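Quick note on numbering: this note's numbering labels position 74 of the sequence shown as 57, and the sequence is numbered without any gaps. Where is the CB? At the ideal position from N, CA and C, for every residue including glycine. Keep in mind the model is a prediction, meaning the values are calculated, not measured.
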Amino acid sequence: MKKQILLIGGGGHCRSVIDVIEQENRFEIAGIIDTKELVGSEVLGYRILGSDEDLKDLRHHYKYTLITVGQIKSPETRIKLFEMLKSFGYELPIVISPLAYVSKHATLGEGTVIMHHALINANVTIGQNCIINTKALIEHDSIIEDNCHISTGAIINGGAHVKAGTFYGSNATCKEYVHVSGFVKAGSVAK
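Shown next, in the form of structure tokens:
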């Protein structure tokens, strides 16, 4: 029997993560947590069971959660949710699309999701609560600190170091062994 998991946030990123969880086939989605007004509605056939206020009580029934709120302007919402979930005793698993490649020599942190066709090479370290989005490439010896979003089609070249909380835009590229932080615009080159 598959373990049940609650998803925290029912927007666009949630829909993409649902697809990854269904493909990975390791967890059964028990439901989604979103705003009070949306309770009872559905996202891709999964019911919104409650709001953040219900998370403490829901811990009696569920052990696993995953943050499915996206991150563009700021990591603050994802950080706040992560800290709250941990304080209630939830476990946040690492979720990896079966269509992604993650080297056995890479290290991933709790609550991180690796989306379809992402490629994580050898000796990469990715912190907790990160989004590695569709078709992102993270090359050898790179470090992605906690609470980062590496967007669709982004390229992190060998030995690069992405600081905590960074949003790294779609199709952005960085040179090897650079330090990157803050907000990296889509399509830009970080030197």
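Using DSSP's beta-bridge definition, name the partner residues of residue i.
i	result
Thr48	Leu(-11)
Glu74	Tyr47
Phe150	His132, Phe166
Val85	Ile103
Glu36	In the DSSP output, where bridge partners are listed per residue, Glu36 has none listed.
Tyr29	Val26
Ile16	Ile(-9), Gly33
Cys157	Ile139, Ala173
Evaluate residue i with the Cβ neighbour count: other Cβ atoms within 10 Å of its Cβ, from every protein chain shown; 16 or more gives buried, anything less gives exposed.
i	result
Val163	buried
Arg(-2)	exposed
Val172	exposed
Thr18	exposed
His(-4)	buried
Ala105	exposed
Ser125	buried
Tyr160	exposed
Glu122	buried
Ser80	buried
Gly14	buried
Residues in the same chain with beta-carbon distance under 7 Å from residue i, minus the five sequence neighbours each way, listed in chain order, please.
i	result
Leu41	Leu(-11), Gly33
Val100	Looking at the sequence provided, one finds His at residue 100 rather than Val. Within the same chain, His100 has close Cβ partners Leu82, Ala83, Thr117, Lys118.
Gln54	Arg61, Ile114, His132, Phe150
Asn154	Gly136, Ala137, Ala169, Gly170
Gly165	Thr149
Tyr45	Gln(-13), Leu(-11), Ala13
Using C-beta distances below 6 Å, list every residue in its chain close to residue i, excluding the 5 sequence neighbours before and after it, in chain order.
i	result
Ala89	Ile103, Val107
Gly152	Ser134, Val167, Lys168, Ala169
Pro58	Asn130, Gly148
Thr156	Ile138, Val172
Ile115	Ile97, Ala101, Ile133
Gln111	Gly92, Glu93, Gly94, Asp129
His144	Ile126, His162
Leu120	Leu102, Ile138
Gly141	Glu122, His123, Asp124, Glu159
Ser24	Ile31
Return the chain-ordered list of same chain residues with a C-beta closer than 8 Å to the C-beta of residue i, the five sequence neighbours on each side being excluded.
i	result
Ile39	Checking the displayed sequence, the identity of residue 39 turns out to be Lys instead of Ile. Phe71.
Asp37	Ile16
If residue i and residue j are in contact, beta carbons under 8 Å, what's the gap, nearest whole angstrom?
i	j	result
Asp35	Ile16	7 Å
Lys174	Lys158	5 Å
Ile50	Leu64	5 Å
Lys(-14)	Tyr47	6 Å
Gly(-6)	Val52	7 Å
Closer than 7 Å: is that where the CB of residue i sits relative to any heavy atom of the ligand ATP?
i	result
Thr135	This structure lacks the ligand ATP; in fact it carries no ligand of any kind.
- Message: Three Cβ pairs or more, each shorter than 8 Å: is that satisfied between the stretch 17 to 33 and the stretch -13 to -4?
- Response: Contact between the stretch 17 to 33 and the stretch -13 to -4 is present: three or more C-beta pairs spanning the two stretches fall below 8 Å.
- Message: Count Cβ pairs between the stretch 63 to 71 and the stretch 6 to 13 that sit closer than 8 Å; are there 3 or more?
- Response: They do not touch, by the three-pair rule.
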